[in-house]
Amino acid sequence: MREYLRELNFTQGTVLQRASTNDEYLALARTVRHYLMSRWMETTTEYYRTQPKGVAYLSAEFLLGRQLGNALLAADLTDIATEALASLGIDIAELAEAEVEPGLGNGGLGRLAACFIDSLATMGVPAIGYGIRYEYGIFRQNFVDGRQVEEPDHWLDNGSPWEFAHPEHEVTVSFGGSTERYTDGEGDDAVERTRWTPGWQVLGVPYNYMVPGYRNQQVNTLRLWSARATHAFDLKIFNYGDYAEAVRAQTFAENISKVLYPEDSTPQGKELRLQQQYFFVACSLRDFIDRLLPGGFDLRRLPERICFQLNDTHPVIAIPELQRILVDEEGLDWDEAWDITRRCFAYTCHTLLPEALEVWPVELLGRLLPRHLEIIYRINDDFLAEVRESRGDDELLVRRMSIIAEHPQRAVRMAHLATVAATKVNGVAELHSQLLRDKVLADFATLWPEKFTNVTNGVTPRRFVRLANPGLSGLITEAIGDGWVTDLDRLRELEPLADDPEFRRRFREVKSANKDRLVELLARRDGIDIDPGTMLDVMVKRLHEYKRQTLKLLHVITLYDRLRSGELDLADTVPRTVVFGAKAAPGYVMAKEIIALINHVGAVINADPEISRVLRIAFPANYDVTVAETLIPAADLSEQISLAGKEASGTGNMKFALNGALTVGTDDGANVEIRQLVGDDHFFLFGLTEPEAAAVAEGGYRPSAYYEENASLRRALDLVARGEFSGGDRSTFEPVVSNLLGEDRFMVLADYQSYLDAQERVEAAYRDPDAWSRSAVLNVARTGFFSSDRSMRDYLDRIWHAERLGGA
Ligand code: 26Q
């Protein structure tokens, strides 16, 4: 309390009576930060002292979510702070609302990185996260006439109390220019070397963020890089007297960390994006080598000290960068350097969609990073020689496996580069890893079977259960103690309680209170009115055709149609609120049309005085981590309905199950493992399996056949086509309808009937609250496996072999 007032008066420069909510928030944030500071320094010093093997998690995205609640929780200061502020007449919950979440990620991949660094800190693993401090995070989504409109997310407007800038530790990063051969030394000692003369440079300034472990005295670091113009660069121009040009050069450099690219599955091959990737990777390697290793460290021993984990291909340019450092700067010979480089990297793949695999045109890469392109060519030559040696002169195979694609243009396949170099390649769920081995990277898996492994994703129980769901957390802790927060397998101890009517009643009470919280949030934030007495059916994730938001929508339209025609009895229908949350990549036209369609269908259904008593759509704009934290604990039903074989893992699915929602889902990604764990009786499975879907595609899929044969599907699509949801205009949603009827790449129509059947089972099950809540409790009890702590143990055992200090 004294600390808090001091911060308010002396740092924030205000007094209690006149402090704004933002002042109050900043003062409390700084108080917690101060409290964690000495632990942070101790953790760092301990790493320097003991020099253990550690992990550097390289990720272009860290979708952190709000920091205050998590920091208070980790430091065990929540109660003290709440009471102290209450005695000053301040509501801590209100104050926490002032924090703008750092949205430095698109979705699953970025949030996964945030969960992983939380787990690493909690488990006392020497680890550092490296990424980019985007000035603008993921765009803010608004709806205008139901259509998505993007606004910039200037999350730093009010300053961030969680970051520590270290301009004195700036790193110089080079781009462009040319390379030349030269002879180093004389006579017998003479060696041929390559010199890279860059065309331009920028500076990277590190910003450190605390990553507090849960009540274990450990505080790890997340280091995000911000781009600045070099001093030399602007000075030189300045001396020519061109002030405006100097400033322009500065903005040019600073563009590199300006904005997060909002595509999450169809990368656009933009030059600035490649600049971002090399920028943060070059800064991070330099930082690790120069600042985290002791002076004079022999880089031949680098693999003993670090594993660089590559979060998808975005940081893969780190591979030629390390090889360049070892060969050009340290003077190691190529083969020795390559052996070291390979042992320092491991690669995680997050996709199965061919269009999501990153490729960089050789022309672009060579212009921006000429030396790296040469290195990539040499890596490829050596690799293809190895392929020919072991598999004979199979030129088709060689062309398939090459790091360089020849068509439609010469380009570097980053996933191939990563796979060739890495010690380990992992997928993010069992099915996904299997499909990587069997399909996407099959040739590589044949060559190096032992390279391929699986680590099923996980989510942090601290943020997504303990913080987001205090009611459920209290109930669990009362029943089995609080050990589950860092040992989520202990949720198993709840299993017998699923048969205890009193426990189930209290579980339902918690769910209902969570729904009340959500109702309050949606009313306040979006002016959306929903009934907490209804089944809450939730589909939240990025908008993508493979995730099949349209399948959910066709179900809703069918319900609407049947209710309207009297085929379904209003009085005998389980009332539902269908909640959507989804951002579309700004350039993804079809995704944006689907958003508009959802909103238009919602407008019609919600305006119907009769039907809206039992069916409503709520689509709050700008779904983010903060919304997720209130929405997920309130959900009854979790929608995980991607076409089998397309969703690598999913992590929202895990968050819902852990918060006691039942899943309706396909046999895809981690759904497979969720269903195995909770049991078929507590999971609503539907749809084609991956082999079935592959067979249908193989045989020539004809979506219109399903339309012709299924009357209710026909009626639903006809409603859209005839303009029922667009004021009679048939052209508005014609592209969505004709895409489904003509191509339907993700087989929405093929799975429609099966999905409807599953939803009937859902409805039947929901009519029996006792049986439903029994299943819900079993979902909680049986999904402890999906803690990101377990994921980290798997990475440690299968990939990193790093040490653990202290920790939980
Ligand atoms: C790449 C290059 C240029 C511009 C953008 C990108 C880019 C950015 C983000 C490409 C992909 C992403 C994000 C992918 C992602 O979030 N994948 C999801 O990862 C989750 C965590 O493993 C999985 O659970 C999901 O199944 C997967 O879709």
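Mapping the sequence shown onto full-length UniProt numbering, position 20 (from 1) lands on 20, and the numbers just tick up by one.
Don't be surprised by glycine CBs; every beta carbon is placed ideally from N, CA and C.
- Val-579 sits close to Val-538, with the two beta carbons spaced by under 7 Å.
- The closest CA to that of Ala-648, considering only Asp-312, Phe-785, Arg-147, is found on Asp-312.
- Counting only unbroken stretches of 4 or more residues, the alpha helix (DSSP H) elements lying wholly within the segment 471-541 are 501-526, in sequence order.
- The closest CA to that of Ser-712, considering only Ala-694, Glu-321, Ala-693, Tyr-752, is found on Tyr-752.
- Your pair Val-171 and Cys-307 does not check out as a contact, with CB atoms roughly 21 Å apart and the cut at 8 Å.
- When Cβ pairs closer than 8 Å are counted between the two stretches, the segment 601-618 is seen to touch the segment 517-532, the count reaching three or more.
- For Asp-184, DSSP records a beta bridge to Val-191.
- The C-alpha of Gln-217 is placed about 32 Å away from the C-alpha of Ala-19.
- Under the DSSP assignment, Ala-93 falls in the alpha helix (DSSP H) whose first and last residues are 92-96.
- Residue ranges of uninterrupted alpha helix (DSSP H) with 4 or more members, entirely inside the segment 718-788 and ordered along the chain, are 734-742, 748-766, 769-782.
- CA-CA distance, Ile-594 to Asp-298, rounds to 56 Å.
- Across the structure, Arg-2 and Arg-215 are spaced so that their CA atoms are roughly 22 Å apart.
- In the DSSP annotation of this structure, the continuous segment of the beta strand (DSSP E) that includes Ala-165 starts and ends at 163-165.
- In this structure, Leu-662 and Leu-631 do not form a Cβ contact; the two beta carbons are roughly 16 Å apart against a cut-off of 8 Å.
- At a cut-off of 3 residues, the continuous stretches assigned as beta strand (DSSP E) that sit fully inside the segment 358-408 are 359-361.
- Nearest in C-alpha terms to Ser-704, of all of Asp-667, Arg-745, Gln-676, is Arg-745.
- When the Cα atoms are used, Thr-21 and Trp-334 turn out to be separated by approximately 58 Å.
- Not a single heavy atom of the ligand 26Q lies less than 6 Å from the C-beta of Asp-668.
- Annotation: the continuous beta strand (DSSP E) that includes Gly-581 extends over 576-581.
- A contact between stretches requires three or more CB pairs, one per stretch, nearer than 8 Å, and the segment 709-724 fails this requirement with the segment 676-691.
- Inter-segment contact for the segment 399-415 and the segment 376-387 is present: three or more beta-carbon pairs are separated by less than 8 Å.
- In this structure, DSSP gives Val-672 a helical state, which the three-state scheme calls helix.
- Under the three-state reduction of DSSP, Trp-155 is assigned to coil, being neither helix nor strand.
- Taking C-beta separations shorter than 8 Å and ignoring five residues to either side along the sequence, the partners of Glu-355 in its chain run Ser-265, Thr-266, following chain order.
- Judged by their CB atoms, Gln-141 and Lys-583 are nearer to each other than the 7 Å cut-off.
- For Gln-275, the uninterrupted alpha helix (DSSP H) run begins and ends at 271-287, by DSSP.
- In the three-state scheme derived from DSSP, where H, G and I count as helix and E and B as strand, Tyr-136 is classed as strand.
- As a beta-bridge residue in DSSP terms, Tyr-209 pairs with Glu-163, Leu-222.
- Counting of Cβ neighbours within 10 angstroms places Arg-730 among the exposed residues, the total staying below 16.
- Taking a cut-off of 8 Å on C-beta distances, the segment 129-146 touches the segment 217-227, as three or more cross pairs fall below it.
- For the segment 31-90, the full-length alpha helix (DSSP H) segments reaching 4 residues or more read 68-75, 78-87 along the chain.
- Taking non-hydrogen atoms of the ligand 26Q into account, the C-beta of His-801 is found less than 6 Å away from none of them.
- Taking 7 Å as the cut-off, the beta carbon of Ile-138 is found closer than this to the beta carbon of Leu-260.
- Counting of Cβ neighbours within 10 angstroms places Arg-181 among the exposed residues, the total staying below 16.
- With a threshold of 6 Å, the Cβ atom of His-544 does not count as near the ligand 26Q, since no heavy atom of the ligand is closer than that.
- For Ile-595, the enclosing alpha helix (DSSP H) begins and ends at 589-607.
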